[in-house]
Amino acid sequence: MVAKNCGKALYYKLYRDFLKMNKKLALSAKNLIFANMAFEIIFNAINAIFVIRLLPFKRN
2 MVAKNCGKAL YYKLYRDFLK MNKKLALSAK NLIFANMAFE IIFNAINAIF
52 VIRLLPFKRN
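And the structure:
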């Protein structure tokens with residue numbers, strides 16, 4: 002659960018930075034939806050890597 006909460010905090014921090022970097026993109030609602038979908042996919046991939054790395058620690 003701690004890893005999941007850290008992941009969420011990291012996600013919101015990265016997402017805010019992502020929107021700051023893409024202000025032009027954020028102006029368009031349609032583009033924002035696509036950007037959000039792409040970011041979700043990227044974040045889920047990163048989160049999966051963290052979960053896989055943490056699995057051996059959970060067994061001990």
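Here the working numbering = 1-based position in the sequence shown + 1. Every residue gets a Cβ at the ideal spot worked out from N, C-alpha and C, and that includes glycine.
Inter-residue Cα distance where the pair is residue i and residue j
| i | j | result |
| --- | --- | --- |
| L55 | N48 | 11 Å |
| L20 | A36 | 9 Å |
| L15 | I43 | 11 Å |
| D18 | P57 | 32 Å |
| N45 | M38 | 11 Å |
Beta-carbon contacts of residue i that lie in its chain and below 8 Å, excluding the five residues immediately before and after
| i | result |
| --- | --- |
| K9 | none |
Nearest to residue i (by Cα), restricted to the options the options
| i | options | result |
| --- | --- | --- |
| Y13 | F40, I34 and N32 | F40 |
Sequence-distant residues of its chain with Cβ nearer than 7 Å to residue i (five each side left out)
| i | result |
| --- | --- |
| L11 | none |
| I34 | none |
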